[in-house]
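Engineer:
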Amino acid sequence: MQRLPFPVLESDVRDIVYLNWVVPLARVAAWVPPGVELNARDGETILTVLSYRHGHFGPRLLGPLRRMFPSPLQSNWRFYVSSLHGRAVEQPTVLFIKNYFDNGLYAVGTRTGSDALPSDLAGVFRHGRSGHEVSTRLQRDTDRLEFESEVVISSQGRLPTAFARFFSSWEEAVAMLSLQDSAVVQTPDLGCLAQADIALPIDQESVAPLAATHYLPGPLLQALGASGEPFCFFVPHVNFQVLSERLLPAR
1 MQRLPFPVLE SDVRDIVYLN WVVPLARVAA WVPPGVELNA RDGETILTVL
51 SYRHGHFGPR LLGPLRRMFP SPLQSNWRFY VSSLHGRAVE QPTVLFIKNY
101 FDNGLYAVGT RTGSDALPSD LAGVFRHGRS GHEVSTRLQR DTDRLEFESE
151 VVISSQGRLP TAFARFFSSW EEAVAMLSLQ DSAVVQTPDL GCLAQADIAL
201 PIDQESVAPL AATHYLPGPL LQALGASGEP FCFFVPHVNF QVLSERLLPA
251 R
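The numbering of the sequence shown is the working numbering, which starts it at 1 and goes up by one.
1) What number of angstroms, rounded off, separates the C-alpha of LEU117 from the C-alpha of VAL8?
2) Specify whether the region 34-43 and the region 136-143 touch according to this definition: at least 3 beta carbon pairs, one from each stretch, less than 8 Å apart.
3) For ALA107, does the three-state DSSP call read helix, strand or coil?
4) How is ARG27 classed by DSSP in three states: helix, strand or coil?
5) I'd like the list of long-range same chain contacts for GLY252, defined as Cβ closer than 6 Å, with 5 residues on each side in sequence excluded.
6) For LEU25, which residues in the same chain have their Cβ closer than 8 Å to its Cβ, ignoring the five residues on either side in sequence?
7) Curious, which full-length beta strand (DSSP E) runs of at least 3 residues does the region 205-247 contain?
8) Curious, which full-length beta strand (DSSP E) runs of at least 3 residues does the region 29-104 contain?
9) Please classify GLY128: does DSSP put it in a helix, a strand, or coil?
10) Identify the residues that DSSP records as bridge partners of ASP257: which are they?
11) Which residue comes first and which comes last in the beta strand (DSSP E) that contains SER149?
12) Do ASP15 and TYR52 have their C-beta atoms within less than 8 Å of each other?
13) Using three-state DSSP, classify VAL8 as helix, strand or coil.
14) Roughly how many angstroms separate the alpha carbons of ASN99 and GLN222, rounded to a whole number?
15) Sort LEU248, LEU243 and ASP181 by Cα distance to LEU61 and report the nearest one.
16) Bridge partners for THR112 per DSSP, in chain order?
17) Among GLY109, LEU190 and LEU220, which one has its Cα closest to the Cα of PRO249?
18) Give the secondary structure of ARG14 by DSSP, where H, G and I count as helix, E and B as strand, and everything else as coil.
19) If we call anything under 8 Å between Cβ atoms a contact, is LEU48 one with LEU19?
20) Given 8 Å as the limit, is there contact between the region 229-240 and the region 206-214, that is, 3 or more CB pairs closer than that?
21) Quick check on ARG165: does DSSP put it in helix, strand or coil?
22) Please identify the residue among PHE6, VAL17 and SER227 whose C-alpha is closest to the C-alpha of VAL152.
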């Protein structure tokens, strides 16, 4: 697919819940491909799981006809990158380690038409807002839990002590964790990294603090060190675009 022009993809994303943890680097090392260095402090780094509802995710060139496309649920799991192949990143960049859709067409489509967003089809995926509460349940298959959470919109943002090593304020943390311009993913079959450029112009004034009233991690999140209460926040909506993809030469 790299020989064909990349069609810019667009979606009016809504009800985005960010769950964040400070986790030990040693716990996540197996998920970090060669050539990628993560933002870290004192042997720890940040893991984020965000879940949301797409709004007619499809090619931008279709204009109003994009409304014919479905609005699947998606959850992606990511770390934050400081350098690629020994060179500091030029724009805020994340490393995807997991992507789930609740729609088989999108799961298959990302595996056949994208190097930078290979995705899995969730066995069970529920994510919805009711008033000030958002509940999420994600299972890899019908009997393997990835995580379950219930959060409520709060009136005041508080930066947890573990995150104070990375940020000086709640506002700084939210901006850094949400305003990302690029994503990389390992492509084992090609022996290199794939990178996607994205546009995610989140209005920081719209971001709301969340309090977790329930969180149940599955085996993988527990193994990664994300077993405690997450630091979380909510973005009501944003226009999301995937601008381009490319393969990065192995070094």
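Cβ atoms here follow ideal geometry from the backbone N, Cα and C, with glycine treated the same way. Predicted, not measured: the structure shown is a model, and the values here were computed from it.
Structural biologist: In short, the structure shows the following:
1) Numbered from 1 along the sequence shown, position 117 holds the residue referred to as residue 117. Numbered from 1 along the sequence shown, position 8 holds the residue referred to as residue 8. C-alpha separation (whole angstroms): 14 Å.
2) no
3) Along the sequence shown, one-based indexing puts residue 107 at 107. DSSP places ALA107 in helix when its eight states are reduced to three.
4) Position 27 of the sequence shown, counted from the first residue, corresponds to residue 27. Residue state, collapsed to three classes: helix.
5) Only positions 1 to 251 of the chain appear in the structure, and residue 252 is not among them; the question remains open.
6) Numbered from 1 along the sequence shown, position 25 holds the residue referred to as residue 25. LEU38, ALA40, GLY43, GLU44 and THR45.
7) 208-217
8) 36-38, 44-53, 73-84 and 87-101
9) Here residue 128 refers to the residue found at position 128 when the sequence shown is read from its first residue. Looking at GLY128 - three-state DSSP - the assignment turns out to be strand.
10) Any question about residue 257 goes unanswered here, given that the chain covers just 1 to 251.
11) On the sequence shown, residue 149 is found 149 positions in, with the first residue counted as 1. Residues 144-153.
12) For the purposes of this step, residue 15 is taken as residue 15 along the sequence shown, with counting starting at 1. For the purposes of this step, residue 52 is taken as residue 52 along the sequence shown, with counting starting at 1. The answer is yes: Cβ separation under 8 Å.
13) The sequence position of residue 8 within the sequence shown is 8, counting from 1. Of the three classes helix, strand and coil, the one that applies to VAL8 here is coil, per DSSP.
14) On the sequence shown, position 99 is the one that residue 99 refers to. On the sequence shown, position 222 is the one that residue 222 refers to. For ASN99 and GLN222, the distance between alpha carbons rounds to 18 Å.
15) The residue given as residue 61 occupies position 61 in the sequence shown. The shortest C-alpha separation from LEU61 is found at LEU243.
16) Start at 1 with the first residue of the sequence shown, and residue 112 comes out as number 112. Answer is none; THR112 lacks a bridge partner.
17) If you number the sequence shown from 1, residue 249 lands on position 249. The candidate whose alpha carbon is nearest that of PRO249 is LEU190.
18) As a working note, residue 14 is residue 14 in the sequence shown. Correct three-state label for ARG14: strand.
19) As a first step, residue 48 is located in the sequence shown; it is residue number 48 there, counting from the start. As a first step, residue 19 is located in the sequence shown; it is residue number 19 there, counting from the start. Looking at the sequence itself, residue 48 is Thr, so the reference to Leu does not match. Contact: yes.
20) yes
21) Locating residue 165 in the sequence shown gives position 165, where the first residue counts as 1. In this structure, ARG165 counts as helix in the three-state DSSP scheme.
22) Locating residue 152 in the sequence shown gives position 152, counting from the first residue. The shortest C-alpha separation from VAL152 is found at VAL17.
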